[in-house]
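Peer 1: Pasting a structure here, questions to come.
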Amino acid sequence: MATKKSAKKTTKKAAKKVTKKKATKKITVRAAAKKKAAPKKASVVMARVGQQVPDFTLSGTRGDVQLSSLRGKKVVLYFYPKDATPGCTIEGHDFSRLLPEFEAIGAEVFGISRDSLASHEKFRAKENYSVHLLSDPDESACAKFDVMKMKNMYGKQVRGVERSTFVIDQDGKLVREWRKVSVTGHAAEVLDFIKLL
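Under the numbering used here, the sequence shown has 135 at position 133, and the numbering climbs by one with no breaks.
See the structure below:
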């Protein structure tokens, strides 16, 4: 009797093990299938000096602007941290003041930040800028130009836009970049560079 009982127990244990193994296998197979089915995150194509700049479209204070539609013109994109902050306000005034000279040599100038279009329109109207501002709330253009950085603000690490400027030639190639820009005299320096293109 005892032998029959122990044999039954052993058989039950073995059956449980097989069932567990099958269940584990099913879960593993399902997990693998899910991994395969999960869409891969699209890798960002970066803008590099000497290469074509990847196309993008942003909403702006003169309507939607698609980079590829500006072929045949030189393009200046200046990325700035935030509307209505001191350095960004000065930079906008400097580029606006020199805009007629940029336009005279066939160059378009756009300021880009993560602020909303409504914020841009208010900022532009208040400061009476002639330069147009583009809104990049999802950081799509910021990612292409690698301007999102960790910065120190009042002793805290904060992720934000590193003030940077990029010049794109008539063929859509990135020909010059300035990073960690100091505002004073910067717009004039960009203009001098474009005059030599």
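Note that CB positions come from ideal geometry on N, CA and C, so glycine has one too. Please read these numbers as outputs of a predicted model, since none were measured by experiment.
Quick one: what's G65 bridged to in DSSP?
Peer 2: Mapped onto the sequence shown, residue 65 falls at position 63. In DSSP, G65 forms a bridge with G62 and T63.
Peer 1: In whole angstroms, what separates the C-alpha of R165 from that of R73?
Peer 2: By 1-based counting over the sequence shown, the position of residue 165 is 163. By 1-based counting over the sequence shown, the position of residue 73 is 71. Cα-Cα distance, rounded: 25 Å.
Peer 1: Could you give the DSSP three-state label for K158: helix, strand or coil?
Peer 2: Indexing the sequence shown from 1 puts residue 158 at position 156. Three-state DSSP puts K158 in a strand.
Peer 1: For R73, which of helix, strand or coil comes out of DSSP?
Peer 2: As a first step, residue 73 is located in the sequence shown; it is residue number 71 there, counting from the start. DSSP places R73 in coil when its eight states are reduced to three.
Peer 1: Taking all protein chains shown into account, do 16 or more other C-beta atoms lie within 10 angstroms of the C-beta of Y80, making it buried, or fewer, making it exposed?
Peer 2: Working through the sequence shown from its first residue, we reach residue 80 at position 78. By the 10 Å Cβ count, Y80 comes out buried.
Peer 1: Across the segment 179 to 188 and the segment 98 to 111, are there enough close Cβ pairs to call them in contact, namely three or more that are closer than 8 Å?
Peer 2: With a cut-off of 8 Å, the segment 98 to 111 and the segment 179 to 188 do not count as touching, because too few Cβ pairs lie within range.
Peer 1: Determine the DSSP secondary structure at A106, reduced to helix, strand or coil.
Peer 2: As a first step, residue 106 is located in the sequence shown; it is residue number 104 there, counting from the start. In this structure, A106 counts as helix in the three-state DSSP scheme.
Peer 1: Only counting the same chain, and skipping five residues up and downstream in sequence, which positions put a Cβ closer than 6 Å to that of D57?
Peer 2: Translated into positions along the sequence shown, residue 57 becomes position 55. Correct list, in chain order: L69 and S70.
Peer 1: When the Cα atoms are used, what is the spatial distance from E191 to A120?
Peer 2: If you number the sequence shown from 1, residue 191 lands on position 189. If you number the sequence shown from 1, residue 120 lands on position 118. Answer to the nearest angstrom: the Cα atoms are 30 Å apart.
Peer 1: How long is the line joining the alpha carbons of Q186 and D194, rounded to whole angstroms?
Peer 2: Numbered from 1 along the sequence shown, position 184 holds the residue referred to as residue 186. Numbered from 1 along the sequence shown, position 192 holds the residue referred to as residue 194. The sequence given here has Thr at residue 186, not Gln. Answer to the nearest angstrom: the Cα atoms are 14 Å apart.
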